[in-house]
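Residue numbers (the working numbering): 6 to 155.
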């Protein structure tokens, strides 16, 4: 099984370290780390940026992701199995709201640094039926153009 870990642009080394430590040798792991990362080496493939980012996303059976809105919604729209981990190291705690939304609506699972067993979460993710995310289409520009007569 292929597991892809992504943290976006903000340093979240604790996520990478915990997941790799718990899953090493059990799954084929690839990690995207931030440019601010202090990671020197990992026992898996990892990169800071790749033009093939979505190749890794598409090949992954499970994605473990930070709770950044752009990442989470992209993965949901691709119908990927995700575990969303809020970065509680950030000053603002907005990521917990998005991670909770995903979990409460059965779009994926929520994990926490220092508290979650990611091996168990991946097994749980394989055993449950997730709800399909249906994005709300936003047609504000169409309405605006109509009102302006454009």
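Idealized CB from N, CA, C, for every residue including glycine.
Here the segment 24 to 38 does not lie against the segment 73 to 82, with fewer than 3 beta-carbon pairs under 8 Å apart. DSSP places residue 151 within a helical segment (H, G or I) once states are collapsed to three.
The segment 86 to 97 and the segment 11 to 22 touch, with three or more beta-carbon pairs separated by less than 8 Å.
Between residue 118 and residue 19, the beta carbon gap of about 5 Å places them in contact (Cβ cut-off 8 Å).
At the C-beta level, residue 61 and residue 9 come within 8 Å of one another. Between residue 107 and residue 123, the alpha-carbon positions lie close to 17 Å from each other.
Note on geometry: alpha-carbon atoms of residue 65 and residue 85 lie some 8 Å from one another. Apart from the 5 residues on each side of it in sequence, residue 81 sits with its Cβ closer than 6 Å to the Cβ of 112 and 138 in its chain, given in chain order.
Residue burial annotation: residue 149 is exposed, with fewer than 16 other C-beta atoms found within 10 angstroms of its C-beta.
Excluding five sequence positions before and after residue 135, the CB atoms of its chain that fall closer than 8 Å to its own CB belong to 86, 111, 112 and 113, given in chain order. Between the alpha carbons of residue 30 and residue 70 lies a gap of roughly 20 Å. Residue environment for residue 103: buried (at least 16 other C-beta atoms within 10 angstroms of its C-beta). Per the coordinates, the alpha-carbon of residue 121 lies some 18 Å from the alpha-carbon of residue 133.
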